[in-house]
Amino acid sequence: MTELRVGLVIEDDHDIRELVRVVLSQAGFEVHMATSGAAGIRAARDLNPHVITLDLGLPDIDGFEVARQVRNFSDAYIVMLTAKADELDTLLGLESGADDYLTKPFRPRELRARVAAMMRRPRSRPATGHMASSSQRTFRHNGLVFSYATRTVSIDGQDVRLTPTEFDLLHSLLEAGRTVLSKADLVRRLRNEPYDVGTYTSDADERSVEVHIGNLRRKLGDDAQNPRWLQTVRGVGYRLAPAKT
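Numbering (my numbering), first residue to last: 1 to 245.
Below you can see the structure in the form of structure tokens.
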């Protein structure tokens with residue numbers, strides 16, 4: 001049987017809430033809704049949703065704090081919806097644990113496409129298809145142990161909790177080894193598209209990758225100037241740092 005896909009809409013605006021509900025319902029989700037941050041956190045804990053859409057300007061707790069609290073117990077994909085186009089709000093949203101964001105007003109087709117891309121990436125089990133063989137592997141590098149099958153990461157024996165997007169970015173870099181991946185490569189990887197597909201990636205997409213890489217470095221305790229795992233190749237992209245003897 002196909003696993004039931006659950007979506008959670010945390011939004012206080014009735015019209016937007018209904019719009020998102022329709023989009024997710026048409027995409028095959030069982031949709032639940034919450035109109036405040038506190039109710040959204042409770043619902044996320046009770047429902048274990050696959051996808052959460054999260055309004056930034058909630059009446060009680062702002063979306064940043066909701067995302068931070070949800071990330072303490074959930075690996076749901078979080079799409080932050082904001083009426084503000086300020087880049088700082090976008091960065092704060094991604095740093096709080098969101099996987100993606102859309103600025104209101106947004107096109108329903110765009111939201112559905114973003115959610116579909118996320119759902120092509122597994123939350124807790126190995127993928128099938130072109131990633132199947134690599135997804136069975138456990139990577140070990142400079143004290144880091146990465147298991148795709150169990151979706152776990154540890155450093156020197158200590159577990160590291162990552163968001164789904166951070167986990168998938170790390171997997172891409174471990175899999176590529178010393179081969180440099182551009183930001184566009186990583187955007188396509190997050191969409192589960194082959195690297196040779198010439199699809200468009202926007203500046204916002206690539207900026208999001210930069211923020212996620214920064215968050216990943218912070219959680220790993222990595223130093224960009226003397227990297228143990230993630231090396232920046234200026235003007236090109238990212239690759240795995242050399243193995244330390």
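Just so you know, even glycine gets a beta-carbon here, dropped at the ideal spot from N, CA and C. The structure presented is a predicted model; accordingly, all values stated were derived computationally and were not measured.
By DSSP, does residue i sit in helix, in strand, or in coil?
{"i": "aspartate 55", "result": "strand"}
{"i": "alanine 98", "result": "coil"}
{"i": "histidine 141", "result": "strand"}
{"i": "leucine 16", "result": "Checking the sequence shown, residue 16 turns out to be isoleucine, not leucine. Of the three classes helix, strand and coil, the one that applies to isoleucine 16 here is helix, per DSSP."}
{"i": "glycine 63", "result": "helix"}
{"i": "phenylalanine 146", "result": "strand"}
{"i": "glutamine 69", "result": "helix"}
{"i": "aspartate 75", "result": "coil"}
{"i": "glutamine 158", "result": "strand"}
{"i": "threonine 179", "result": "coil"}
{"i": "alanine 243", "result": "coil"}
{"i": "threonine 201", "result": "coil"}
Shortest alpha-carbon distance to residue i belongs to which of the options?
{"i": "glycine 157", "options": "His50, Leu220, Gly7 and Ser74", "result": "Leu220"}
{"i": "leucine 94", "options": "His171, Pro105 and Leu81", "result": "Leu81"}
{"i": "phenylalanine 73", "options": "Gly63, Arg109, Gly97 and Pro227", "result": "Gly97"}
{"i": "proline 236", "options": "Val180, Pro49 and Ser202", "result": "For clarity, residue 236 is valine in the given sequence; the question names proline instead. Nearest of Val180, Pro49 and Ser202 to valine 236, Cα basis: Val180."}
{"i": "tyrosine 77", "options": "Ile213, Gly7 and Arg228", "result": "Gly7"}
{"i": "proline 49", "options": "Asp100, Asp75, Asp62 and Ala39", "result": "Asp75"}
{"i": "leucine 111", "options": "Asn215, Val20, Arg137 and Asn226", "result": "Val20"}
{"i": "proline 108", "options": "Ala224, Thr201, Asp203 and Ile16", "result": "Ile16"}
{"i": "proline 38", "options": "Leu91, Asp159, Glu65 and Leu190", "result": "The sequence given here has alanine at residue 38, not proline. Ranking the options by Cα distance to alanine 38, first place goes to Glu65."}
Taking the continuous beta strand (DSSP E) assigned at residue i, which residues delimit it?
{"i": "valine 115", "result": "Element bounds for valine 115: not the beta strand (DSSP E) but the alpha helix (DSSP H), 108-119."}
{"i": "threonine 328", "result": "The structure shown does not extend to residue 328, since the chain spans only 1 to 245, so no value can be given for it."}
{"i": "leucine 47", "result": "No beta strand (DSSP E) holds leucine 47; the alpha helix (DSSP H) holding it covers 37-47."}
{"i": "alanine 34", "result": "30-34"}
{"i": "leucine 8", "result": "6-10"}
{"i": "threonine 232", "result": "230-233"}
If you count every other CB in all the chains shown that lies within 10 Å of the CB of residue i, and 16 or more means buried, which is it?
{"i": "leucine 58", "result": "buried"}
{"i": "glycine 129", "result": "In this prediction, glycine 129 scores a pLDDT of 36, lower than 50, which makes its location untrustworthy; no coordinate-derived value is stated."}
{"i": "lysine 183", "result": "buried"}
{"i": "arginine 120", "result": "exposed"}
{"i": "glutamine 69", "result": "buried"}
{"i": "alanine 83", "result": "exposed"}
{"i": "valine 187", "result": "buried"}
{"i": "valine 79", "result": "buried"}
{"i": "alanine 34", "result": "buried"}
{"i": "alanine 149", "result": "exposed"}
{"i": "valine 22", "result": "exposed"}
{"i": "glutamate 18", "result": "exposed"}
{"i": "histidine 171", "result": "buried"}
{"i": "valine 51", "result": "buried"}
{"i": "alanine 204", "result": "exposed"}
{"i": "aspartate 159", "result": "exposed"}
{"i": "threonine 138", "result": "exposed"}
{"i": "arginine 234", "result": "exposed"}
Hey, quick one: how far does the alpha helix (DSSP H) through residue i stretch, first residue to last?
{"i": "leucine 186", "result": "183-190"}
{"i": "glycine 237", "result": "Unbroken run through glycine 237 is the beta strand (DSSP E), 237-240; no alpha helix (DSSP H)."}
{"i": "threonine 165", "result": "164-176"}
{"i": "asparagine 226", "result": "Neither: asparagine 226 is in no alpha helix (DSSP H) and is coded neither H nor E."}
Would you check if the region 19-35 and the region 111-120 touch, i.e. whether three or more CB-CB distances between them fall below 8 Å? Segments in contact, yes.
Is there contact between the region 154-174 and the region 199-213, where contact requires at least three CB pairs shorter than 8 Å? Yes, the region 154-174 touches the region 199-213.
Three Cβ pairs or more, each shorter than 8 Å: is that satisfied between the region 233-243 and the region 170-190? Flag = yes, the region 233-243 and the region 170-190 touch.
Between the region 137-151 and the region 39-58, do at least 3 Cβ pairs fall closer than 8 Å? With contact defined as three or more Cβ pairs closer than 8 Å, the region 137-151 and the region 39-58 are not in contact.
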